[in-house]
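Residue 701 is where the sequence shown ends in UniProt numbering, and the numbering goes up by one at each step. Structure first, then comments.
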Amino acid sequence: MQVLPGKSYPLGATVHPDGVNFSLYAPNATEVELLLFDQHDHHRPKHVISLSAKTHLTFYYWHCFVPGLEHGQVYAYRVHGPYIPDTGIRFDGQKVLLDPYALAVVTDTWDREKARHAGDNCATALKGIVVDPYLYDWEDDTAPNHAFERTIIYELHVGGFTKDPSSGLPAEMRGTYRGLIEKIPYLKSLGITAVELLPIQQFDPYDAPPGRLNYWGYSPISFFAPHNGYATHQDPLGALDEFRDMVKALHKAGIEVILDVVFNHTAEGDENGPTFSWKGMANRTYYMLSKDKRHYKNFSGTGNTLNANHSVVRRMIRHCLRYWAGVMHIDGFRFDLASVLSRDSDGRPMTNPPLLWEIESDPVLASSKLIAEAWDVELYQVGNFIGDRWAEWNGKFRDRLRSFIKGDSGYAEGMMQCLLASPDLFRTAERNPNRSINFATCHDGFTLNDLVSYNHKHNLANGEGNRDGHNDNLSWNCGVEGPTQDPEIDALRLQQIKNCFAILLLAQGTPMILMGDEVRRTQGGNNNAYCQDNPTSWFDWTQVDKESDLLRFVREMIRINMTSPYFQEAHFLNSHHTTVNWHGIRPGEPDWGDDSRSLAFSLYNPDYDEEIYVVMNTFWESLEFELPTPLGHEAAFWHRLLDTALASPYDITSVTPDEHLVSNLYTVAPRSVVMLIAKSTVEQPWMSTREMSYDRLVRDE
């Protein structure tokens, strides 16, 4: 087999018309072997190419060009060098290693345990596949490119969304990219504009307690390759095509695709973990090491921490994001434990971390949505994250909302800030309110149904003695722990769920909804279901019919959010034309005291032909509110649009001219949210060009 010197750039395996160029970063290595396999299920390579330092090494980069190779070639490496853990060097020539830049990964025979222990693991190692990413036909795919103020995010697990038999899909399609395609009509009917997918970068399902699987996917094996386990055809190239088919189908439906990316750690774990890629090539480069160099810093809580601001690691992350955005047509990224990315090689927080500024200013990523989970094991940077264009998961919104709706004292003023998109956290000259990603629940914690059904976590099924998961969930079970046959308790739980959705979708900022919350998906009180790849975590499609009233309510709330000119404003309220006025039980007299458990506000803009009045009563007794006189429509009447205390379909209704309130007093029931509207004309509320485009988005097939 002919082997030419090749080039050091680009890294990874690059297809050319006459062959493939391979390049690998491995400083301090003494020898590198390129292994070429005939088939992805072959246990031994057909060819082993030894790369000499004289011919195939440029600085820290080992490279070669092999004529005649093409798309689909299976390959891996052995990297030889000293094993000196006390200096952070961990070469092991017996281990077969995966190219960090591999665009597709062979996982058929992967054995995590054999990668942990001494000895050759060629038969059970991970292998890469040479990919020409430009062979795929994207047809006329166009990114929806929704503005943040026109965005509603749906956090979704690709596997769990359709894996349950109740999905009605053929067995081979359940839990796959293709299965998700089949359910796009449901997503369109819901009205969301973006799906935020839990990790789909190739992850290690065996990085979990004995007898369990890693379901969530926060255990990266390869940053560039889509996860094989979500493909109907269990081969790496099939996963590539099916993933791209899914992206293309979602775009055709007007739905953006945001990836949850995990650049804070890898599945190689700590010094006792497996060696399958980075650790065996450049351990001191890729990971933050402790002072003794033998152990790993653990700001991720998973055993290791990626050394994200090292120049080589920065480049890998940036290249990875460019690949997903530019080649795979991804619309945005949510960065898991993003505060890790602000640390230097010693773990110290940096004032101006180069990686984050490079991501922000990268022209290829200029149109990508960037969302930070702005914390890690030790840092909490919500409201203070680096950069000008990053949006952030607003953990303060979640916590204040949970405390407020269950009637805790002292949260009225904090909830007021949340309704304004938390200007106490986010208001700067460079930011707008939609940089606050508002949520009540996410994958990590209780579902919304469980939030109102359990006071305590129930995680015994995880095999960790119920020690895992958060203990302080700010939840309230409404009187009984877990399932109940008491109709009054169940009705209260449903009302509390509607209250959460109402507040979430009436607040300024960008709302995010957890998969299945709209139909009361439950995890049986498990608030850390990372290893529950079973009905505990899956979407139960029978709930769509069982909870049709709640589903209707959520759809209508999303419609209000998307079509009213008042919600998801592009600017903080009172900074432009829209003003907010706060009230108590009497107009203009808000109560911010610790004992206050209610909020009332009105929104007015002289450019609109309507005014909004909202009351949130989380007290356990009714309160009578005196209604303000509409500022711009003295002759107009108040019409009820929303009252969560009323049974469906009266809980959320359309406005008609002959149905208006005749009194200036409104009795707001315990634990309920009310929304009134005053309009000069009410025949077609909020019909505009913007609404018409939204209608096409959710209704056209």
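Virtual Cβ for every residue (Gly too), placed ideally from N, Cα, C.
Subject >> Backbone secondary structure at Ala600 - three-state DSSP >> reply: strand
Original post:
Got a sec? Which residues, its chain only, sit under 8 Å from Glu172 by beta carbon, not counting five neighbours each side?
Top reply: Thr232
Subject >> Where Val131 sits in the DSSP three-state scheme >> reply: coil
Original post:
Distance, Cα to Cα, Ala29 vs Ile386?
Top reply: 36 Å
**OP:** Could you tell me whether the stretch 165-184 touches the stretch 451-465, where touching means 3 or more Cβ pairs closer than 8 Å?
**Re:** no
**OP:** Check whether the stretch 92-111 touches the stretch 211-220, taking contact to mean three or more Cβ pairs, one atom from each stretch, closer than 8 Å.
**Re:** no
**OP:** Would you mind sorting Ile84 into buried or exposed? The rule is 16 or more other CB atoms within 10 Å of its CB.
**Re:** exposed
Original post:
Under 8 Å, do Gly509 and Ser403 count as touching if we go by C-beta distance?
Top reply: no
Subject >> Meets three-Cβ-pair contact criterion under 8 Å: the stretch 474-486 and the stretch 366-377 >> reply: no
Subject >> Cβ-Cβ distance between Leu57 and Pro45 below 8 Å >> reply: no
**OP:** Could you have a look at His233 and say whether DSSP puts it in helix, strand or coil?
**Re:** coil
Original post:
With 16 as the cutoff for other CB atoms within 10 Å, does His43 come out buried or exposed?
Top reply: exposed
**OP:** Enumerate, from N- to C-terminal direction, the unbroken alpha helix (DSSP H) stretches of 4 or more residues contained entirely within the stretch 124-206.
**Re:** 158-162, 177-182 and 184-190
Original post:
Where do the N-terminal and C-terminal ends of the alpha helix (DSSP H) with Pro67 fall, by residue?
Top reply: Element bounds for Pro67: not the alpha helix (DSSP H) but the beta strand (DSSP E), Tyr61 to Pro67.
Subject >> Check whether Val615 and Val655 have beta carbons under 8 Å apart >> reply: no
**OP:** Measuring only between beta-carbons, confirm whether Cys500 sits less than 8 Å from chain B.
**Re:** In summary, chain B is missing from the structure at hand, where a single protein chain is found.
Subject >> Segment limits, beta strand (DSSP E) that includes Asn581 >> reply: Thr579 to His583
**OP:** Use the C-beta contact count for Arg78: other C-beta atoms within 10 angstroms, 16 or more gives buried, fewer gives exposed.
**Re:** buried
**OP:** In the DSSP assignment, find the alpha helix (DSSP H) that holds Pro354 and state where it starts and stops.
**Re:** Pro354 to Ser361
Original post:
Which whole-angstrom value is the C-beta distance of Arg150 and Met557, which I expect to be below 8 Å?
Top reply: Not a contact, Cβ separation roughly 16 Å.
Original post:
On the three-pair Cβ rule with 8 Å, is the stretch 117-137 touching the stretch 14-22?
Top reply: yes
**OP:** Grab the span of the alpha helix (DSSP H) containing Val498 for me, first residue to last.
**Re:** One detail in the question is off: residue 498 reads as Lys in this sequence, not Val. Looking at the DSSP string, the run of the alpha helix (DSSP H) that includes Lys498 is Pro487 to Leu506.
Original post:
Skipping 5 residues on each side, what residues in its chain have a beta carbon closer than 6 Å to that of Tyr613?
Top reply: Ser602 and Leu676
**OP:** For Lys679, name the three-state secondary structure that DSSP assigns.
**Re:** strand
Original post:
Mind checking Pro647: buried by the 16 CB within 10 Å criterion, or exposed?
Top reply: Looking at the sequence itself, residue 647 is Ala, so the reference to Pro does not match. Counting Cβ neighbours within 10 Å, Ala647 comes out exposed, since fewer than 16 surround it.
Original post:
Are the CB atoms of Glu271 and Ser277 nearer to each other than 8 Å?
Top reply: no
Subject >> Neighbourhood of Phe439 by C-beta distance below 6 Å, restricted to the same chain and skipping five residues each side >> reply: Arg398 and Met512
**OP:** Answer yes if the stretch 82-100 comes into contact with the stretch 59-70, meaning at least three C-beta pairs across the two stretches below 8 Å, and no otherwise.
**Re:** no
Original post:
Using 8 Å as the Cβ pair cut-off and three pairs as the minimum, do the stretch 139-156 and the stretch 189-197 touch?
Top reply: yes
Original post:
Does the distance from the CB of Arg427 to the CB of Phe572 come in under 8 Å?
Top reply: yes
**OP:** Report the option in Asp260, Leu665 and Pro165 whose CA atom is closest to the CA atom of residue 743.
**Re:** Given a span of 1 to 701 for the chain in the structure shown, any question on residue 743 remains unanswerable.
Original post:
What are the boundary residues of the alpha helix (DSSP H) that Lys396 is part of?
Top reply: Gly395 to Ile405
Original post:
In terms of residue numbering, what span does the alpha helix (DSSP H) encompassing Tyr286 cover?
Top reply: Lys279 to Tyr286
**OP:** Go ahead and label Phe59 buried or exposed: buried means 16 or more other beta carbons lie within 10 angstroms of its beta carbon, across all protein chains shown.
**Re:** exposed
Subject >> Met515 (DSSP reduced to helix, strand or coil) >> reply: coil
Original post:
So which of Asn307, Asp260, Lys291 and Ala253 has the shortest CA-CA distance to Lys279?
Top reply: Asn307
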